[in-house]
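Here's the structure we're looking at; comments come further down.
Residue numbers (full-length UniProt numbering): 1 to 294.
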């Protein structure tokens, strides 16, 4: 493990997740449970990293409202650093809302307007010397959340303060995957995608995760990991073989956050010096455990 915290840049918000144990169709109104908990891709990864013994901190934007105060108190209690989170007195704290049934995600809406409005302000600690600067680039790992805008992601791709960082990137949703275009082609970037996101970047449908990962590498990416629900996950690199792993069969208890769990477990495994195959095994097992509710 490095002594530096992993910096997770992106959404820091409240997750509102409604789940029914029964199958749902459009317009259904069923009994279930609703959870209200800290979330967002960047924060989910940070919390998962801390749970695995890796120091982590978030850079994002949170409103100066009671919801924001409560969110940051909860996040600090989990051991995630919040010292560099931007607080905006004009805007509310962001929210993600999802509906799940026994088969997985039905629909979701991510309201990340405060993060988007903050713009490059969220990167200020990496530019003004508090964490790094152009003269003293950040030498550690940074997780980049696709909830960031295209302008924010372009700034990350071109900022000299981040040129030496190990960038791990997750797009947040298929609809936001194309935002990652400025980061494709950079040697220090690893992409973590689900199959739909990979197909968006590849520009065509793919038969499975292996084909999708290879297609994104063919577009110029240095390294790509692709998940595909209960089907095999894959890891592809420039000039290397495509590795695949079949997730264990589990009963679905939740799906939101599984990809973030996959990323964090893979990152920690690699930080411990494990090889590509073993790191992929660890990531697949961790995601399956999360989905099972264990």
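Ideal Cβ positions, reconstructed from N, Cα and C, are used throughout, including at glycine.
Keep in mind it's a predicted model, so treat the numbers as computed, not measured.
Buried or exposed: which applies to residue i, given that a residue is buried once 16 or more other Cβ atoms fall within 10 Å of its Cβ?
i: residue 1; result: At residue 1, the pLDDT of 40 sits below 50, so the modelled position is not reliable; the number obtained from the coordinates is stated separately. It counts as exposed.
i: residue 264; result: buried
i: residue 213; result: buried
i: residue 193; result: buried
i: residue 78; result: exposed
i: residue 266; result: buried
i: residue 83; result: exposed
i: residue 121; result: exposed
i: residue 125; result: buried
i: residue 73; result: exposed
i: residue 19; result: buried
i: residue 278; result: exposed
i: residue 256; result: buried
i: residue 241; result: exposed
i: residue 164; result: exposed
i: residue 14; result: buried
i: residue 145; result: buried
i: residue 118; result: buried
i: residue 207; result: exposed
i: residue 294; result: exposed
i: residue 25; result: exposed
i: residue 134; result: exposed
i: residue 112; result: buried
i: residue 151; result: exposed
For residue i, which option in the options has the closest C-alpha, if you only look at C-alpha atoms?
i: residue 250; options: 264, 270, 284, 167; result: 284
i: residue 203; options: 178, 223, 282, 248; result: 178
i: residue 247; options: 280, 162, 271, 224; result: 280
i: residue 98; options: 148, 134, 36, 45; result: 36
i: residue 245; options: 127, 254, 229; result: 229
i: residue 167; options: 110, 127, 188, 72; result: 188
i: residue 141; options: 209, 234, 49; result: 49
i: residue 70; options: 39, 90, 294, 45; result: 39
i: residue 148; options: 165, 180, 160; result: 180
i: residue 17; options: 208, 108, 128, 294; result: 108
i: residue 5; options: 14, 46, 270; result: 46
i: residue 91; options: 143, 64, 85, 111; result: 64
i: residue 236; options: 227, 274, 217; result: 217
i: residue 66; options: 253, 134, 87, 207; result: 87
i: residue 131; options: 276, 81, 75; result: 81
i: residue 89; options: 68, 23, 96; result: 68
i: residue 96; options: 227, 282, 43; result: 43
Between residue i and residue j, which are expected to be in contact by the criterion C-beta below 8 Å, what is the C-beta distance as a whole number of angstroms?
i: residue 41; j: residue 170; result: 5 Å
i: residue 162; j: residue 137; result: 7 Å
i: residue 295; j: residue 115; result: Outside the modelled stretch of the chain, which goes from 1 to 294, sits residue 295, for which no answer is possible.
i: residue 220; j: residue 175; result: Contact flag wrong, Cβ pair sits at about 21 Å.
i: residue 215; j: residue 238; result: Between residue 238 and residue 215 the Cβ distance is about 13 Å, and since that is not below 8 Å, they are no contact.
i: residue 234; j: residue 272; result: Not really, about 22 Å apart at Cβ, beyond 8 Å.
i: residue 123; j: residue 159; result: 7 Å
i: residue 128; j: residue 252; result: Not a contact, Cβ separation roughly 44 Å.
i: residue 243; j: residue 276; result: 6 Å
i: residue 201; j: residue 153; result: About 13 Å separates the two Cβ atoms, so there is no contact after all.
i: residue 172; j: residue 110; result: 7 Å
Bridge partners of residue i, per DSSP?
i: residue 84; result: Bridge partners of residue 84: none, in fact.
i: residue 36; result: 16
i: residue 194; result: 227
i: residue 100; result: 19, 105
i: residue 145; result: 170
i: residue 243; result: 235
i: residue 206; result: In DSSP, residue 206 forms no bridge with anything.
i: residue 57; result: 7, 81
i: residue 273; result: DSSP lists no partner for residue 273.
i: residue 95; result: 14, 111
i: residue 62; result: 87
i: residue 189; result: 167
Touch check for the region 28-35 and the region 48-66: three-plus C-beta pairs under 8 Å? Contact fails: fewer than three Cβ-Cβ distances are below 8 Å.
Counting beta carbon pairs with one atom in the region 250-262 and one in the region 284-294, are three or more of them shorter than 8 Å? yes
When you compare the region 59-74 with the region 1-10, are there three or more beta-carbon pairs, one atom per stretch, that lie closer than 8 Å? yes
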